[in-house]
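*Asks:* This is the structure I have questions about; it appears just below.
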Amino acid sequence: MRVPSAPAPARRTVLAGALAVSLLTVSSSALADTPRARTQAGSLVLIGGALKESNTQVYGEIIKRAGGPGARIGIITAASVPESQDPHAGDPERCSNSACNGAYYAEVFKRHGAADAQWIPLDIDHVANADADAVVAQVNSMTGFFFGGGDQYRYVTTLLRGDAHQDSKVLAAIRAKLARGAVVSGSSAGAQIASGPDMVTGGESYEALRDGSAPGYFDDPTRLGYLPRGGFGFLRSGLVDTHTGAYGREGRALRLASDTGHDRVYALEENTALVVDRPGSSREHLSVLGPNGVAVLDLRDARAHDSGDGWSLRRALYSYLTDGDQYDARTWTARVDPSKQPLNPAGTAPVPANADVFSSLANPDSVPYGFRTTARALASTRAQTSATATTFESGPRFTVTFTKARGFAAFTGDGTDARTLLSLRIDIAPR
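Per our numbering, residue 14 is the first one in the sequence shown, and the count goes up by one each step.
Written out as structure tokens, the structure is:
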């Protein structure tokens, strides 16, 4: 089976070029009055990228929520390049375009038990289809939807009418289906596009901490950019970031949230889903499904400072939720899966030094993922109440301090290793 490359893009994919800032700005309060803010009765299944075709847990959850054996899944891969831009479009073993990626996902969903799965024929070569009555009818016949990966701005172009940022007929139909109970799922860009205002468009953690954020898409893929109008607005209780564990994106997520006035980020790891019931309602409820985890970054009490020495952030909180854990967005509380027990750390070894906390691409040596590794190592030892890790880059070099402050707790599945972490304090400062 050919695995599509577009849904798992390279870390430094150059996006659509610099956009005019004036076309991107809109206030969050104005967006709150649009139809995108309406309470939903359905659910979201958002994957942090690199969804494996063998992940029966996540595929099965999407199918179950779409009706089980009768599930009909509409596949939208408009974030992929169209056939006209794929030099291997005629080779089913090498192609990586919207049509062949749609066929790939349709086959995988059927193999996992969906009654039917169909590609919705949308891409940047067929933008008019987003307002075609025949395609709307196809959407209305589906019980669930899956958005593939690639470049999320192609979803803005095809389904939000680009600079107009208004629902096409197809997106309006999907939004209505969600409101009536359908499941909307997506991986990588397909999860990112579910975001509300200030959707991240690119950037690396070190450059984000050093230089801050700016509205737009940028040819420099290390520059932290965001789209003030956001994506589809299906999930608004926090910012969304993806590929977090693979690419060390906690730094850029914290900087973007601080710059744009958000107090929460859902940082999704690969091959793992954040499942959201009743998104946008007062009863919004989230849970984690899969082998990795979802970080919840809490900035309610965080304070940022930008001086001549560089940017700093104090008193952010980091929670790392794993399979079976649940989260109440309204009360900001997590409920750890009953299969996990509180961790009583027995180790006395110091936390290993880490000089690449955000897994920099500039580092020629392969190193373990620093942020989560340091957090879990601290949770597993009784020798320390705090630990530090630094960025690989200097000029300035940033230090991240992890502290077991009041309210911190760790949970284990095997009695030894930390699995779930709650409310670990995070401070970032230049040195």
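The beta carbon of each residue, even a glycine, is placed where N, CA and C say it ideally should be.
Predicted model only: the values in this text are computed from it and were never measured.
Thinking just about the alpha-carbon of each residue, which of V253, L269 and G261 is nearest to the one in A280?
*Replies:* If we check each option's Cα against that of A280, V253 comes out closest.
*Asks:* Could you pull the start and end residues of the beta strand (DSSP E) that T335 belongs to?
*Replies:* Where T335 is concerned, the enclosing beta strand (DSSP E) stretches over G323 to T335.
*Asks:* Reducing DSSP to helix, strand and coil, say where F424 ends up.
*Replies:* In the structure shown, F424 sits in a strand (DSSP, three-state: E or B).
*Asks:* Who are the near neighbours of A315 in its chain, counting only those whose CB is closer than 7 Å to its CB and skipping five residues on each side?
*Replies:* Excluding residues within five positions, the ones whose Cβ falls inside 7 Å are S271, L326, R327, R328 and A329.
*Asks:* At the level of alpha carbons, what is the spacing between A204 and S407?
*Replies:* Between A204 and S407, the C-alpha separation is close to 32 Å.
*Asks:* Quick check: the Cα distance between A317 and L269, rounded to an integer number of angstroms?
*Replies:* Spanning the two alpha carbons is a distance of roughly 11 Å.
*Asks:* Can you check whether the CB of V140 is closer than 8 Å to the CB of Y72?
*Replies:* In this structure, V140 does not lie closer than 8 Å to Y72 by Cβ.
*Asks:* Does the beta-carbon of E217 have 16 or more other beta-carbons within 10 angstroms, so that it is buried, or is it exposed?
*Replies:* Label assigned to E217: buried.
*Asks:* Sorted by chain position, which residues of the same chain lie with C-beta nearer than 7 Å to R107's C-beta, five sequence neighbours on each side aside?
*Replies:* Counting only Cβ-Cβ distances below 7 Å, and skipping sequence neighbours, we find H101.
*Asks:* Which residues mark the beginning and the end of the beta strand (DSSP E) in which Y382 is found?
*Replies:* Taken as a continuous stretch (DSSP letters only), Y382 belongs to no beta strand (DSSP E), as it is neither H nor E.
*Asks:* For I441, count the other beta carbons within 10 Å of its own beta carbon; 16 or more makes it buried, fewer makes it exposed. Which is it?
*Replies:* Its Cβ being crowded by 16 or more others within 10 Å, I441 is buried.
*Asks:* Just list the beta strand (DSSP E) runs in the segment 58-146, keeping only unbroken ones of 3 residues or longer that don't cross its boundaries, in chain order.
*Replies:* You should have 85-89 and 129-132.
*Asks:* Please classify T226: is it buried, with 16 or more other beta-carbons within 10 angstroms of its beta-carbon, or exposed?
*Replies:* Inspection of the sequence shows that residue 226 is occupied by Ser rather than by Thr. Classification of S226: buried, given that the 10 Å Cβ count is 16 or more.
*Asks:* Do L437 and K417 count as a contact pair if the criterion is CB distance below 8 Å?
*Replies:* Yes, the pair counts as a contact, with Cβ atoms nearer than the cut-off.
*Asks:* What separation, rounded to the nearest whole angstrom, lies between the Cα atoms of S399 and A392?
*Replies:* Between S399 and A392, the C-alpha separation is close to 9 Å.
*Asks:* Would a C-beta distance cut-off of 8 Å place I6 and A54 closer than the cut-off?
*Replies:* The chain is shown from 14 up to 444; residue 6 falls before or after that span and cannot be answered.
*Asks:* Cα separation between S198 and T257?
*Replies:* Distance between the alpha carbons of S198 and T257 is about 18 Å.
*Asks:* What does a CB cutoff of less than 7 Å around P355 pick up in its chain, not counting 5 residues either side in sequence?
*Replies:* These residues qualify, in order along the chain: A422 and F424.
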